[in-house]
Amino acid sequence: MNGIAETGQDAISPAPGVPWRPLSAAAFAPYGRVIDIGAAAVVNEGHARRRDALLDLESRDPTARLCLAHFAVSPRPAGAGIAGLECHPFSAQAFLPLEDCAPLVVVALAREDGAVAAGTLAAFVGRHGQAIVYGPGVWHAPLTTADRPAGFLMAVWEGERERLRQARLDRPLPLPGRPGIVGAAAIASFIRSATNDRSDKTRGQEGV
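At position 16 of the sequence shown (counting the first as 1) the number is 16 in our numbering, and the numbers step up by one without a gap.
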């Protein structure tokens with residue numbers, strides 16, 4: 001067994017016009033955590049720069065070991081959409097960006113039987129410097145970005161229990177910038193406003 005299973009659930013029908021929203025810790029809380037990666041610090045006698053992201057990565061499988069992987073993620077081509085979801089029933093999963101980018105994050109909660117709760121589907125546009133932690137059993141689309149290719153460090157627990165479930169949508173969820181959905185200019189606005197808000201908070205903290 002490869003640890004990958006289809007749910008057997010009929011194709012999920014997302015509600016029409018699922019809106020793309022700016023990614024924030026409060027909005028994402030039902031699905032996991034959003035972590036703002038700290039500013040870089042100079043270390044190793046001036047020969048390296050270090051940025052920290054402190055996180056708790058939950059495992060529900062006592063046989064599991066921590067798996068780290070590098071993902072090279074690219075924006076999807078024009079006309080493509082989100083066609084399916086996946087989840088890790090016994091592990092949280094973290095994605096930490098290695099370059100500035102705007103991740104596109106699509107999530108849904110699970111029903112009591114573990115299948116997708118279609119009415120909980122949500123879509124978010126992230127900003128530079130945000131790490132994402134999906135909770136165990138939370139459904140999510142394969143990660144993509146809105147603006148540029150980027151590398152991510154991925155962390156997940158893998159053991160003897162089922163490691164991945166997959167489900168499909170009955171129609172692709174359009175990406176931002178497609179007709180009738182959030183436009184490309186709005187993506188840039190999301191990133192600028194979130195970055196400005198973060199800078200304002202940092203300046204305020206420096207004055208305390």
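For glycine and all other residues, C-beta sits at the position ideal for the given N, C-alpha and C.
query	result
Residues in its own chain within less than 7 Å of A185 by CB, not counting five upstream and five downstream?	Note on A185: pLDDT 48, under 50, position unreliable in the model; no value is reported.
Please list the terminal residues of the continuous beta strand (DSSP E) segment that includes A92.	Unbroken run through A92: none, as it is neither H nor E.
May I have the straight-line CA-CA distance separating P75 from F28, to the nearest angstrom?	22 Å
Compute the Euclidean distance between the alpha carbons of P176 and E45, then round it to the nearest angstrom.	43 Å
Between the Cα of D36 and the Cα atoms of H47, L23, P30, which residue gives the shortest distance?	L23
For W157 versus D52, is the C-beta distance shorter than 8 Å?	no
Is A167 helix, strand or coil when you go by DSSP?	strand
Looking at the structure shown, is A26 part of a helix, part of a strand, or coil, going by DSSP?	helix
How would you write the range of the beta strand (DSSP E) that E158 sits in, first residue to last?	150 to 158
Please report the straight-line C-alpha distance between G84 and V105, rounded to a whole angstrom.	13 Å
Using the three-state DSSP reduction, which class does G84 fall into: helix, strand or coil?	strand
Have a look at A108 and V116 and give me their C-alpha separation to the nearest angstrom.	7 Å
Quick one, which of T63, A141, P174, V73 has its alpha-carbon nearest P97's?	V73
Are the segment 157 to 166 and the segment 121 to 133 in contact at 8 Å, needing three or more beta carbon pairs?	no
In terms of alpha-carbon separation, which member of V125, F90, G79, Y31 lies closest to C101?	V125
Considering only residues of the same chain and omitting the five flanking positions on each side of R50, which have a CB-CB separation below 6 Å?	A41, V43
Only counting the same chain, and skipping five residues up and downstream in sequence, which positions put a Cβ closer than 8 Å to that of A110?	C87, V116, A117, G137, V138, W139
What is the rounded straight-line gap between the Cα of I187 and the Cα of E112?	Its pLDDT being 46, under 50, I187 is placed unreliably in this model, and the value from its coordinates should be taken loosely. I187 and E112: Cα-Cα distance of roughly 34 Å.
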